[in-house]
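Residue numbers (this note's numbering), protein chains in the order written: chain A, 42 to 274; chain B, 42 to 274. The beta carbon of each residue, even a glycine, is placed where N, CA and C say it ideally should be. In what follows, a structure is listed as structure tokens, so that the remarks can point back to it.
There are 2 protein chains.
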Amino acid sequence: MYVRVVVDAFGQMLRDGTGPEIIERDDGLLSAAKLIYFAPVARWPAVERRALRWVRGRVLDVGVGGGRAALELQRRGRSVVGIDVSQGAIEVARARGVRDVRLQALEDVDESLGHFDTIVMFGNNFGLFGSPGNAQRLLRWLRPLADRIVAGTSNPYLSEDPAHLAYHERNRERGRTAGQLRIRVRYRELTDPWFDFLIVSPDELTAILEGTGWGVRTLLEQDGSPYYVAVLE
Amino acid sequence: MYVRVVVDAFGQMLRDGTGPEIIERDDGLLSAAKLIYFAPVARWPAVERRALRWVRGRVLDVGVGGGRAALELQRRGRSVVGIDVSQGAIEVARARGVRDVRLQALEDVDESLGHFDTIVMFGNNFGLFGSPGNAQRLLRWLRPLADRIVAGTSNPYLSEDPAHLAYHERNRERGRTAGQLRIRVRYRELTDPWFDFLIVSPDELTAILEGTGWGVRTLLEQDGSPYYVAVLE
């Protein structure tokens, strides 16, 4: 058996638009979920709808994907720059009406993009920071470039799923935090490279922010859901 | 990365009941589909609804799965024995009301189960014959055990999908028919063993039947779909 490794399985998934999104974790877990990337605001998680009022001014949408957040923010009169490392995402977001999208990694954001009032990372996109160390380094780097970050993540400690608990334990044995996931996107015959994706508890988030110049302004949480949105300033 | 091989990913998928069903092919293709295993008759493929009137008398349901066919046939007054190699399928089919279900492979069907008027293999379950050679051998074996077989399969040559066409070509290079698939079920952290699953065109079906004592009574086909149901006598 062989697996063809072709970059941008994610983009092809967005181009086709049917889903589901299949994520493979490095313990072999496959998870499949309906595509969130095109969801109209009415079908967003309630905490993201609430988070919209924290998004002001000129906005950077990190991991613009299919453009659901960028499009909603444009409708609300915001000026939005969307970035993504997926060529397919860029094409799809542009075709759907996001006016300024760029093929660019979070790591490469600098003053050439101008100053942002708000950086938006919906849909667990806080995870794009990758690891606690990387998050700390990047947050410090982003400090002069933006006034506020509105980022979604999931508290790994609220899961009772045995497969997840075993993965957390395995991570701890390796000196990683529970929510330091290593995952890749699979789509039909396409497989994206493995990447680090970080989910954090509120306590872990606070620890990461230490020394970065950022602090938690508020946490938007939702009963019964591990997903929450952090507003950082 | 490691993959835990645990038999009965399929059964666990049925127990949980949410799907989607993820099938991995040995070229790395992942396909995801809504669970068909609990579908009420109104949501079956039209050709299977038409095929119901060819199912008479005492029935063997091969690959009973979640019991959708067996339950509908029971409702129509048929006496049904369901077999499956998945312990989870057996449990689920029984819990949903299939009265006679047994953990048994198609290969192990013999006169101890009694004589059947009809063997039913809906949902592409003709594929459980595995390969043309195996199909021929088993069909010959089943000849004295049943009067009719009503089996669903898909014509591989109606696909225009490049991934499928490449797979067909690869199969031909290896001396296999286009539709000799090698697949496995993946569900969350569980992975079933690889198995052979055969889909055939009507011509290939006719060739397989030669010398088995079975012939095609009728083919139930559907415009625009590769899926069809063969009635063999």
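**Asked** If we cut at 7 Å on Cβ distances, does E230 of chain A have a partner in chain B?
**Response** Under the Cβ criterion of 7 Å, E230 of chain A is counted among the residues facing chain B.
**Item:** Residue burial classification, H156 of chain B (beta-carbon count within 10 angstroms, cutoff 16)
**Value:** Within 10 angstroms of the beta-carbon of H156 of chain B lie fewer than 16 other beta-carbons, which makes it exposed.
**Under 8 Å by beta carbon: chain B residues contacting R227 of chain A** = L71
**Asked** In chain A, which residues lie with their C-beta within 9 Å of the C-beta of A285 of chain B?
**Response** Here chain B comprises residues numbered 42 to 274, so residue 285 of chain B is not present and cannot be evaluated.
**Prompt:** Any chance the stretch 144-151 of chain A sits against the stretch 57-77 of chain A, with 3 or more Cβ pairs inside 8 Å?
**Reply:** no
**Where A204 of chain B meets chain A, residues with beta-carbon distance less than 7 Å** = R229, E230
**Request:** Measure the alpha-carbon distance for R45 of chain A versus E274 of chain A and round it to whole angstroms.
**Result:** With a pLDDT of 40 at R45 of chain A, under the threshold of 50, the predicted position of this residue should be treated as unreliable, and no value is reported.
**Item:** Helix, strand or coil at Y268 of chain A according to DSSP, with G and I counted as helix
**Value:** strand
**Chain-ordered neighbours of P185 of chain A on chain B, where CB pairs are closer than 8 Å** = The premise fails here: P185 of chain A is roughly 39 Å from chain B at the closest Cβ pair, so nothing lies under 8 Å.
**Item:** Cβ of P197 of chain A within 7 Å of any chain B Cβ
**Value:** no
**Request:** Could you check if R189 of chain A is buried or exposed, using at least 16 other CB atoms within 10 Å of its CB as the buried criterion?
**Result:** buried
**In chain order, each alpha helix (DSSP H) run of at least 4 residues that lies wholly inside the stretch 171-202 of chain B** = 173-183
**Item:** Contained beta strand (DSSP E) runs [length at least 3] in the stretch 124-157 of chain B, N- to C-terminal order
**Value:** For the stretch 124-157 of chain B, whole beta strand (DSSP E) runs of length 3 or above, ordered along the chain, are 142-144.
**Prompt:** For L112 of chain B, which residues of its own chain have a beta-carbon under 7 Å away from its beta-carbon, when the five flanking residues on both sides are left out?
**Reply:** R137, G138, V139
**Message:** Taking the straight line between their C-alpha atoms, what separation do you get for V272 of chain A and R109 of chain B?
**Reply:** CA-CA distance, V272 of chain A to R109 of chain B, rounds to 49 Å.
**Asked** Listing by chain order, which chain B residues have their CB less than 7 Å from the CB of I63 of chain A?
**Response** I63, L71, A73
**Prompt:** To the nearest angstrom, how far is it from the Cα of R223 of chain A to the Cα of V270 of chain B?
**Reply:** 44 Å
**Prompt:** Is DSSP giving A50 of chain B helix, strand or coil here?
**Reply:** helix
**For F236 of chain B and L180 of chain B, the rounded distance between their alpha carbons** = 19 Å
**Asked** Where does the unbroken beta strand (DSSP E) through D276 of chain B begin, and where does it stop?
**Response** Outside the shown range of chain B, which is 42 to 274, sits residue 276 of chain B, and nothing can be said about it.
**Asked** Apart from the five residues on each side of it in sequence, which residues of its chain come closer than 6 Å, Cβ to Cβ, to M162 of chain A?
**Response** V103, A192
**Asked** What's the gap between the Cα of N166 of chain B and the Cα of L93 of chain B?
**Response** 15 Å
**Request:** Closer than 7 Å by C-beta to T253 of chain B: which residues in its own chain qualify, once you throw out the five before and the five after it? Chain order, please.
**Result:** Q177, L180, R181, R184
**Given L199 of chain B as reference, the closest of B:E214, B:V241, B:G58 once Cα atoms are compared** = B:V241
**Request:** Return the CA-CA distance between A74 of chain B and G60 of chain B, expressed in angstroms with no decimal places.
**Result:** Each residue's alpha carbon lies about 8 Å from the other.
**Prompt:** Exposed or buried, D125 of chain A, counting other C-beta atoms within 10 Å across all chains shown (16 or more means buried)?
**Reply:** Buried: at least 16 other Cβ atoms inside 10 Å.
**Request:** Return the chain-ordered ranges of every beta strand (DSSP E) run that is complete within the stretch 58-122 of chain B and spans a minimum of 3 residues.
**Result:** 62-66, 71-74, 99-103
**Prompt:** Do the CB positions of G52 of chain B and A130 of chain B come within less than 7 Å of each other?
**Reply:** yes
**Prompt:** Pick from B:V88, B:E132, B:E210: whose alpha carbon is nearest that of D264 of chain B?
**Reply:** B:V88
**Distance, Q221 of chain A Cα to L276 of chain A Cα** = Residue numbering for chain A in the displayed model covers 42 to 274; residue 276 of chain A lies beyond these limits and cannot be assessed.
**Message:** I need the straight-line Cα distance from Y268 of chain A to N196 of chain A, nearest angstrom please.
**Reply:** 6 Å
**Message:** Along the chain, where does the beta strand (DSSP E) containing L169 of chain B start, and where does it finish?
**Reply:** Segment: none, L169 of chain B is in no beta strand (DSSP E) and carries neither H nor E.
**Prompt:** From P81 of chain A to R143 of chain B, what distance separates their C-alpha atoms?
**Reply:** 47 Å
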